[in-house]
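So the structure is just underneath, and the comments pick up after that.
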Amino acid sequence: MAESWWRDAVIYQVYPRSWADSDGDGIGDLPGITARLKHLTDLGVDALWLSPFYTSPQRDAGYDVSDYRDVDPLFGSLTDFDALLARAHELGLRVIVDLVPNHTSSDHEWFQEALRAEPGSPERARYLFRDGRGENGDEPPNNWTSTFGGPGWTRITEPDGSPGQWYLHLFDPSQPDLDWTNPEVGEEIESVLRFWLDRGVDGFRVDVAHGLVKKDGLPDADMPHGYLTDPTSLAPMWDQPGIHDIYRRWRQITDEYARPGDDADRILCAEAWVKPADALARYVRGDELHQSFNFEFLMTPWIAEDMRNTISETLDAAEAVGAPQTWVLSNHDVVRHASRLGFEQSHGLTSPRGIGADDPQPDHALGLRRARAATTVMLGLPGSAYLYQGEELGLPDATRLPDDVRQDPTWERSNHTQRGRDGCRVPMPWEGSTPSLGFGPGAESWLPQPSEYGALAVDRQRGVEGSTLELYRQLLSLRRELRLGRGSLTWFDAGSADVLAFTIAVADGRTVLVLANLGTSPARLPDGARVRVSSSPDGSNGLDVPIDTAVWAEIDHPG
Ligand code: NOJ
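Residue numbers (the numbering used here): 908 to 1466.
Shown next, in the form of structure tokens:
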């Protein structure tokens, strides 16, 4: 068990609509992914996670699933999926798919049946339909809001034409929440798990893993709630204790599918925006999920003291339940870390909800320099790590997208107060000088690629010393060689509060020092340190580490 692959795996998130487009319609697809898998073996990752490619009206970019057992024609077919999986396995890459169990699409057959059925019917009982409050039932059943803005309830018209019940949607109205107290719901999702396990997937990333169970009676929330649970108020829609029973059942299923051999089990990774760290760690107890994204790390500012506290608290919490920590800095829901870190940093956890052309702009050079250092820290930490497509190129967010091309429902639902997530979802640049930067055969790309992406394309960075792509390749190869993800961390006193430093004792008795300078003057390396990799092109002279730079160095005598 201790050898299981996922405990130190580096897993690369492919956002199918934006990775590679094989048919020229401007939207990425599964054959496009298969054709580009070599990029991942060249990079040196262990697995890929695919965001949803299932049948969907795409009102939330595929997180609104209308058929869990098929591929949307936009992305290809089940045959294309099988080909992708087979090719990935041939190349030694594991494949994790996304599971969306909190809600279906409103186009899902179940929801359409519920709309046609009577209040109180078994069809309605798969979702959270309730009568409204107020004299005519024209007030929502409670005060919950949608994560994308606006009310969390929508009223339907009954089949006879009268104003009807309301249904809950913690996200878009096109994403009705399922009622997880109904056993039929659990049985259906478990059968979906088995469907993809039978096809050979290596695991699942579980969408909104902290949201499936709602507090009994759906009481009003005490205060406006975000997607991240607030430790001071147990929001009645997030992180309810009953959630863990569901994950114990799922763990039995994935265990049942474990392939023979120590190194071959299938995994479940929670997308759970839960604080504090010990509440999140409950999702990865031995009989529950394998991993849970450490979003607190992602939201921590580039300040040494804050980074140290987050790393130490989250590592301890995971270790207390015998789980490895799962680090992440970027994904398809947040501003890319090369842009996030280009703003002035202040204490407290933050994650901006998108940047528009008229917002303050990040300092790209600074953001990139810090992002490279932050990744160097992350990949030196014990545990598993997730990368988001394009971060290996140092892509910034597209912060000047015209508002009329935005597709994230957040922009409309928030009454144009939050730009949303399109900026991190812009198609990948593969070739610096072709019309869609090599994304597809033609010029089409579902979101426009910013002009600065050309110079950052894969073919412009491959083999170029000092490029972000080469830095990632170097980090991943050395991480594998030294087995850093399996090491144990000891904090190292580098003599300055602005320096984040720890050592990792690796298997063969060697000690690796990970040292990041978050201060304003060069940081001293200990005597005899042998730098193996540095995050900044201006490097380290072996004596000092420049500002906003992280290094890995071998040392003889820690402390
Ligand atoms: C989390 C996903 O990552 C996000 O993209 C989606 O909008 C929501 N869950 C709702 O499914």
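Even for Gly, the Cβ is constructed at its ideal location relative to N, Cα and C.
When only Cα atoms are considered, residue 972 and residue 1017 end up about 11 Å apart. In this structure, residue 1073 and residue 1004 do not form a Cβ contact; the two beta carbons are roughly 32 Å apart against a cut-off of 8 Å. Your pair residue 1407 and residue 1287 does not check out as a contact, with CB atoms roughly 10 Å apart and the cut at 8 Å. The alpha helix (DSSP H) runs of length 4 or more contained entirely in the region 1147 to 1215 are, from start to end of the chain, 1150 to 1163, 1184 to 1188 and 1202 to 1206. For residue 1115, the shortest C-beta to heavy atom distance toward the ligand NOJ is below 7 Å. Apart from sequence neighbours up to five positions away, the residues of its chain that approach residue 1076 with a beta-carbon distance below 8 Å are 1010, 1053, 1059, 1060, 1061, 1082, 1083 and 1084, ordered along the chain.
CA-CA distance, residue 1034 to residue 1086, rounds to 5 Å. With a beta-carbon spacing of about 15 Å, residue 1108 and residue 944 fall beyond the 8 Å limit used to define contacts. The three-state secondary structure of residue 924, taken from DSSP, is helix.
Our two residues, residue 934 and residue 1455, have alpha carbons roughly 36 Å apart in a direct line. Between residue 1419 and residue 1459, the gap from beta carbon to beta carbon is short of 8 Å.
The beta carbon of residue 921 sits no closer than 7 Å to any heavy atom of the ligand NOJ.
Within the same chain, Cβ atoms closer than 7 Å to the Cβ of residue 940 are found at 921, 923, 926, 927 and 991, the five residues on either side in sequence being excluded. In terms of Cβ geometry, residue 1442 and residue 1376 do not form a close pair [threshold 8 Å].
For residue 1461, the enclosing beta strand (DSSP E) starts and ends at 1456 to 1462.
Beyond the five residues adjoining it in sequence on each side, residue 1356 comes within less than 8 Å, by CB distance, of 1305, 1333, 1334, 1336, 1343, 1344 and 1346 in the same chain, given in chain order. By the beta-carbon neighbour count (other beta carbons within 10 angstroms, threshold 16), residue 976 is exposed. Around the Cβ of residue 985, a 10 Å sphere holds fewer than 16 other Cβ atoms; the residue is exposed. Using a 10 angstroms sphere on the CB of residue 948, the tally of other CB atoms stays under 16, which defines it as exposed.
Within the region 968 to 1003, the complete alpha helix (DSSP H) runs of at least 4 residues fall at 985 to 997. Comparing alpha-carbon positions, the option among 1155, 1237 and 1165 lying closest to residue 919 turns out to be 1237. Residue 1452 sits away from residue 1433, with the two beta carbons spaced by 8 Å or more. When secondary structure is reduced to three states using DSSP, residue 1316 falls in the helix class. For residue 1202, the distance from the CB to the nearest heavy atom of the ligand NOJ is not below 7 Å. Contact between residue 1203 and residue 1182 holds, since their C-beta atoms are separated by about 6 Å, short of 8 Å.
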